[in-house]
Amino acid sequence: MQRWRNKPETSQSTIAQFNGIEPLALGSVLNQMQNDQAQNNIVQWRTKNQFLQSFLPDDSGVQLSKKELEDRQHATVQHQSTWSKSRADNSQLLQNLSGSSEQEYFTQLNSPWFADNFRLYVAHHQRQADFRAESLRAERLALGMEWQYNREDLDLAVTHLLKENDLGLRVRWSQWLNDHWQYAIGFDSRADVPLQASERGVTGQAYAANLNWQANESYQAGVGYQSTDMTDNNLRQQLSVYYKQRVFATPHHLTHVALSQNWSRNSDVAVNYFNPSHLQSTELSFTHDWMTWRNYQRNFNQHLKFDIGAATQADYATKTILNLMYQHDWQLSRTWRLNYGVGWSSHYYNGEREQKTYAQLGFEGRF
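Under numbering that gives the first Met the number 0, the sequence shown has 308 at position 309, and the numbering climbs by one with no breaks.
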């Protein structure tokens with residue numbers, strides 16, 4: 000029960016207490032194995048699984064764990080695409096600042112895990128939008144290595160900006176301190192910058208830090224900060240906090256409510272992209288998931304999200320912001336997933352309203 004509530008360390012501690020006062024039962028070994036799996040302790044997970052195969056070969060938990068161990072010997076893929084179309088009362092402002100007909104694609108291929116805790120990957124990220132009747136595009140390739148152990152994760156990558164023929168370094172580290180607290184830090188020597196800036200050869204270095212807390216699967220909160228130092232003398236700083244709570248749960252329905260606050264500041268420099276001296280927003284989000292159909296390891300889920308809030312930009316009045324998104328999530332098999340959805344949002348740039356309709360498609364799986 001504790002592991003199902005996102006508390007694998009507490010679950011492991013509870014089992015250890017019982018093991019000290021009574022003979023070790025196979026059920027306890029099974030729970031220990033599943034806790035090792037949740038904490039990425041691969042050697043212990045494999046050892047206990049091999050032991051249990053001798054005594055509980057027909058147990059569904061043992062069989063599933065064996066399959067998931069074998070999954071680590073296969074390559075995987077993940078992809079996400081987003082297309083959007085924007086319109087505004089002031090079309091010239093839209094073309095100059097935020098762009099229209101935006102597209103974003105991300106694909107990552109992962110090698111099988113090796114030496115228990117390592118894998119390699121190659122990733123491609125492309126952003127594109129129309130400005131003043133011209134289409135701007137930025138592409139980045141990344142070749143990286145990931146290491147995971149005991150709820151710690153290190154990600155190192157060499158990145159390549161295709162247009163600039165420029166190499167960069169990206170480093171990410173995250174760690175769960177216990178069942179309740181996780182932190183993450185990161186550095187990117189060639190971070191994403193606005194497309195108009197990228198077209199002019201502007202690059203950026205980004206530093207990021209996040210701290211997340213969870214009581215269990217029903218209550219989470221966090222704070223994040225990022226600073227991006229661009230070569231056009233603009234220093235962009237962003238701070239965000241959020242609180243999320245599950246308010247309704249049945250076997251087929253889950254509803255969450257989240258409250259978030261975001262702040263951003265930019266240097267007072269002359270640039271050709273949206274760059275307010277300060278911008279802040281408060282948003283209230285409602286999400287609902289309906290598990291519409293399930294058949295063993297296959298299922299179909301409908302996801303609905305509604306955001307409403309207020310945004311204040313320097314020198315302009317506070318405006319209402321909205322977002323509505325509807326998505327289908329398919330678990331096609333134990334190892335393949337597909338999602339697609341559509342949405343609509345309303346935001347403001349320099350006091351002018353922008354309405355955006357968008358669609359997205361994603362999948363991930365094991366070969």
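For every residue, glycine included, the Cβ atom is placed at its ideal position computed from N, Cα and C.
- In the pairwise beta carbon analysis, the region 103-114 is classified as not touching the region 170-186: fewer than three pairs are separated by under 8 Å.
- One Cα belongs to residue 192, the other to residue 201, and the distance between them is close to 8 Å.
- Relative to residue 258, the option among 251, 266, 272 and 242 whose CA is nearest is 242.
- Going by DSSP, residue 195 is part of the alpha helix (DSSP H) stretching over 194-198.
- Closest in alpha carbon position to residue 129, among 101, 226 and 179, is 101.
- A residue is called buried when at least 16 other Cβ atoms come within 10 angstroms of its Cβ; residue 158 meets this threshold and is buried.
- With a minimum length of 4 residues, the unbroken runs of alpha helix (DSSP H) contained wholly in the region 18-104 fall at 25-37, 41-54 and 59-70.
- Looking at 283, 330 and 278, the one whose alpha-carbon comes closest to that of residue 349 is 278.
- With the rule of 3 Cβ pairs closer than 8 Å, the region 296-304 counts as touching the region 323-331.
- Counted as a single uninterrupted DSSP element, the beta strand (DSSP E) harbouring residue 304 occupies residues 297-312.
- In this structure, the beta-carbon distance from residue 261 to residue 280 falls below 8 Å.
- In the structure shown, residue 117 falls within a strand segment according to DSSP collapsed to helix, strand and coil.
- Per DSSP, the unbroken beta strand (DSSP E) holding residue 355 starts and ends at 351-365.
- Counting along the chain, residue 259 sits inside the beta strand (DSSP E) bounded by residues 252-264.
- The three-state reading of DSSP puts residue 162 in coil, since its state is none of H, G, I, E or B.
- By the Cβ test, the region 218-236 is in contact with the region 263-272, since at least three Cβ pairs between them sit closer than 8 Å.
- Residue state for residue 187 is assigned as strand, using DSSP reduced to three classes.
- Going by beta carbons, residue 352 and residue 88 fall inside the 8 Å limit.
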